[in-house]
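Single-structure report; data block below.
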Amino acid sequence: MEDGKMRLLFIGDSITEWGRHEDPENIGSGYVRLIHDYYKTAKPEQNYEFINLGVGGDRISDLQARWIRDVLQLNPDIISISIGINDVWRQLDSEDPDQIYPEQFEEIYVNLLDHVKEKTNAMIILMEPTIIEENLESEGNKKLKPYVDIIHKLAKKFAATLVPTHQSFVSYLKTQADYKLTTDGVHMNSAGNMLMAATWIQNVKF
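In the UniProt record's numbering, the protein residues as written are 1 to 206.
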């Protein structure tokens, strides 16, 4: 914490990025905005600095490529990571041979978290990847399961806070409610962003 500010860094893919480039505060209009607004109003006496570094299309390997600049050099007090959707989605929509399967996903993720532990004192928050299609039996959701399991494993290994966003979406879908959470099966509408933000707020304590 520098100058009394608590720096919260959110990093991930387009679900995290959501509108930040069009936002003067660079926070965006997605779940990060809702978390930001919650803490700014619930704890106005606290001096929070929110940073959104979501990048559309990112996989775990893309985080690795920018980890020093976008995480370690910023030295956050809290880092919240949401990644994994594109690692699976790319397997479904691309014949690119450069795929990231669970073993490599875990290997890279461990490397990133090792660096956080070695170089910072940040509290680590690991968000489960959400869903690929609003259908529990979709191929994307089946392929996503081992990635979710890896994040559970890493949360224990690194004493990180787990945010069960995938489980929140699964629980909602099991109700068979007809109200959609996404615009295209992956990217959130306002309800999906609310569910992500609410799950984060309910599970993160600092």
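Glycine residues also receive a C-beta, built at the ideal position from the N, C-alpha and C atoms.
The residues ILE132, GLY140 and VAL186, in chain order, have a CB closer than 7 Å to that of TRP89 in the same chain once the five nearest residues on each side in sequence are set aside. Given a length threshold of 3 residues, each whole run of the beta strand (DSSP E) inside the stretch 15-84 is given here in chain order: 48-54 and 78-82. The beta carbon of TYR39 sits closer than 6 Å to those of TYR48, all from its chain and outside the five residues before and after it, given in chain order. Ranked by Cα distance from LYS5, the first of ILE15, TYR31, ASP77 and GLN73 is ASP77. Buried is the label assigned to ASN86, since at least 16 other Cβ atoms lie within 10 Å of its Cβ. The Cβ atoms of LEU144 and PRO164 do not sit closer than 7 Å to each other. By DSSP's assignment, PHE10 forms a beta bridge with ASN52 and SER80. The C-beta distance from ILE79 to VAL71 rounds to 6 Å, short enough to fall under 8 Å. Setting aside the 5 residues that flank it on each side, LEU154 is surrounded in the same chain by GLU106, TYR109, VAL110, LEU113, LEU126 and ALA160, each with a C-beta closer than 8 Å to its C-beta; the list follows chain order. Selection ALA191, GLN91 and ASN52 evaluated against LEU173 yields ALA191 as nearest (Cα-Cα). Closest option to PHE158, judged by alpha-carbon separation, among ALA197, LYS180 and ILE124: ILE124. Under the DSSP assignment, MET194 falls in the alpha helix (DSSP H) whose first and last residues are 190-203.
According to the DSSP assignment, THR165 belongs to the alpha helix (DSSP H) that extends over 165-174. ASN135 and GLU45 have their C-alpha atoms some 42 Å from each other. From the listed residues ILE11, GLN176, SER168 and PRO102, the smallest Cα separation to ILE150 is found for PRO102. As far as DSSP is concerned, LEU154 takes part in no beta bridge. Bridge partners of THR182 according to DSSP: MET188. Classified as exposed, ASN121 has fewer than 16 neighbouring CB atoms from the shown chains inside 10 Å of its CB. The beta carbons of LEU181 and LEU195 sit about 6 Å from each other, so the pair counts as a contact at 8 Å.
With a threshold of 16 other beta carbon atoms within 10 Å, ALA65 falls short and is exposed. In the DSSP assignment, LEU136 falls outside any beta strand (DSSP E) and carries neither an H nor an E. Judged by DSSP in its simplified three-state form, ILE131 adopts coil rather than helix or strand.
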